[in-house]
Amino acid sequence: MRLKAALPKLELYLYAAVLYLSLLWAGTWIWDASADNVNRKVFKKSVKPGWHYFGRKMDVADFEWVMWFTTFRNHILFALAGHVIFAKVCSLISPRIGMDDWYCKHRSLIYGLYGGLAVLVSMGGGFLALVLSHCFILYSVALVKRKWIVFVAGLASLATFKMEPFNTWQEGFVTGYFDLQDILFYGGSCFTIMRCMSFALENCEKKDGNYTFIDLLKYNFYLPFFYFGPIQTFDQFHVQANNPNLTRKQREMWNITTGALLHLGAILVVDVFFHYLYILTIPNDMKLVKQLSDWSLAGLAYSNLVYDWVKAAVMFGVINTVARLDHLDPPQPPKCITMLYVDSHVVNPWYVYDYIGGSHTNIFKELVATICTFVVTTLWLGPCELVYIWSFFNCFGLNLELWVDKIFSIPPFSNIEYAIGEAMSRRIRAVFGALNFWTIILYNILALNSLEFAKLVGKRLIVQGFPLSTLSVLFVTYCGVQLVKERERKQAFLDDPEPAAVPPTPQDMPEEVGKKKAE
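1 is the number of the first residue of the sequence shown in the UniProt record's numbering; add one for each residue after it.
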């Protein structure tokens, strides 16, 4: 019931006012730092001329964003639009030649053929042969139906793209060179390995017989997911892509169109944002960062994580829009950092975490599950010192959260929490949530920015800024956590409404009260 504990409206309004005014205040510091230092040497490398209408330069430090929505925007749109048009043409032609039922049942094969052809044209026959060989090897492993063998074989295959000399040898299968080659090579190869692992694990669960190699190829070569993900597990894709019922729900096309327009709007807003706040370039200039106020550093750290979520949500959204047009229900974008104050919401439970951790209440199982999860993640990101540090702190944060929860669930802590009431319990838990929120930010800006920037933020906000900066930033974060908890409380009532109270009957009342009621 702690989730449904309510707070006074006036208190929530106070939290909202403090949070939004503080974000605005931090934003003005970053605005001034961006405008006053645009001619610095470090800025010249990543702050380039932007939109002519604004008359300002634009932060282009994020190669991935520039690649998707500026440099190679037309190439990516051409490939995705080609997939949509090809699928639409097939759906229009099939009824006229008497193959409507066949198309409905085998449309995943059509998608796979188009995807394979697109990969062949974009990357060449050598790369296609390399991908097919990995698919064949992992399909052979899937027939053994032993999950531990699947994990070992899959991770070994993934490691060949992260270790020399195997990496260089496999790169030799791609002839020629173009700007997107490295991204398409590693994206297509590594996502192929993860999809093959998903297929093999689901084949282990299949009681009667095995899935076919064609099923794996149809799953792997679905073009919208091939190069950039996300990973939709094989069991979900297989059911959805082979569903012959292609009727849409009421207002489904309206929702798809609205979602596409929202993502387009988000792209425009981010581009406008980068004309005024250089949040990606400033952390690269440590001399400038050391001169900024504590509020600027806190705003920079927070805004970098929010931007990373926006980027992921938009990229997911573009791909998911195409997938929804194909009658699929693709994976949802990750939770926004603003909505995160517990580490368990950060982890993608893809097979490993939930499979080993179970209900995530056993301390030993949770420790093993988190270690295995971040071993896979480290291998996926590429082993290096920064990734090791990032994985360690994420793993530690997840386990610390469970340890603290276990401690407070036993007497005398549980008795104290019960005695103080639900509202006060929510306030105390929000304090711990605020602390945890900043640990999430600090060990994630390691990966997004640099170790030096993360150390400086931690030092300024925790050591040098204590107590004023430390407590003020934590109070603002506490306000934000309370607003998130309020949103979760309302959602909990929508998901699980409490039954209406039934007035007691005389039989349910004590004997004396029942007599008075009867009189």
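Using N, Cα and C, we set each Cβ at its ideal position, and we do this for glycine too.
Please read all numbers here as calculations on a predicted model, not as lab measurements.
LYS57 carries a strand assignment under DSSP once its states are collapsed to helix, strand and coil.
Apart from the 5 residues on each side of it in sequence, ARG56 sits with its Cβ closer than 8 Å to the Cβ of GLY50, HIS275 and TYR276 in its chain, given in chain order. Taking a C-beta distance under 8 Å as the contact criterion, PHE374 and ASN394 qualify as a contact pair. Around the Cβ of LYS485, a 10 Å sphere holds 16 or more other Cβ atoms; the residue is buried. THR377 and CYS190 have their alpha carbons spaced roughly 12 Å apart. Shown here for PHE173: same chain residues with a beta carbon closer than 6 Å to its own, the five before and five after excluded, namely GLY126, PHE127 and LEU130 in chain order.
Residue pairing by DSSP puts LYS48 in a beta bridge opposite MET58. If you look at SER414, you'll find it in the alpha helix (DSSP H) that goes 413-420.
Taking the Cα positions, PHE161 is about 17 Å away from PHE136.
At a Cβ-Cβ threshold of 8 Å, ILE279 and ILE30 count as neighbours.
Looking at MET194, SER122 and VAL289, the one whose alpha-carbon comes closest to that of LYS455 is VAL289. Non-local C-beta neighbours of LEU158 in its own chain, meaning closer than 6 Å and more than five positions away in sequence, comprise ILE193 and LEU379, ordered along the chain. Secondary structure at GLU366: helix, using DSSP grouped into helix, strand and coil. Under the three-state reduction of DSSP, ALA5 is assigned to coil, being neither helix nor strand. If you check the CB distance, LEU461 and ASP308 do not come in under 8 Å. Judged by their CB atoms, LEU21 and ARG426 are not nearer to each other than the 8 Å cut-off.
Per the coordinates, the alpha-carbon of VAL318 lies some 18 Å from the alpha-carbon of ALA118. Of the residues assessed, GLN491 falls on the exposed side of the cut-off, its CB having fewer than 16 other CB atoms within 10 angstroms. Within the same chain, HIS238 come within 7 Å of ASP215 by CB-CB distance, once the 5 residues on both sides are set aside. Assigned with DSSP and collapsed to three states, PHE63 falls in helix. Just so you know, the alpha carbons of ILE110 and LEU80 end up roughly 15 Å apart. The beta carbon of LEU402 sits closer than 8 Å to the beta carbons of HIS360, THR361, ILE363 and GLU366 from its chain, once the five residues preceding and following it are set aside; these are given in chain order.
Taking the C-beta atoms as reference points, VAL18 is found no nearer than 8 Å to VAL322.
The alpha helix (DSSP H) runs lying completely inside the stretch 418-495 and spanning 4 residues or more are 422-448, 451-458 and 468-495, given in chain order. A straight line joining the alpha-carbon of ILE356 with that of ALA369 spans about 5 Å. DSSP places MET163 outside both helix and strand once states are collapsed to three, so it counts as coil. Nearest C-alpha to SER450 among GLY299, LYS45 and ASN284: ASN284.
The three-state secondary structure of THR247, taken from DSSP, is coil. Non-local beta-carbon contacts of CYS204 in its own chain, meaning distances under 8 Å to residues more than five positions away in sequence, involve ALA142, LYS145, ARG146, LYS147 and VAL150 in chain order. In this structure, the CA atom of VAL47 is about 29 Å from the CA atom of GLY229.
Here ALA419 is exposed, its C-beta having fewer than 16 other C-beta atoms within 10 Å. For the pair THR70 and LEU262, the Cα-to-Cα distance works out to about 18 Å. Secondary structure note for PRO224: its alpha helix (DSSP H) is the uninterrupted segment 223-226. Within the same chain, and ignoring the five residues on either side of TYR139 in sequence, the residues whose Cβ sits closer than 6 Å to its Cβ are PHE213 and LEU216. For LEU305, the enclosing alpha helix (DSSP H) stretches over residues 294-325.
Per DSSP, reduced to three states, the secondary structure at TYR111 is helical.
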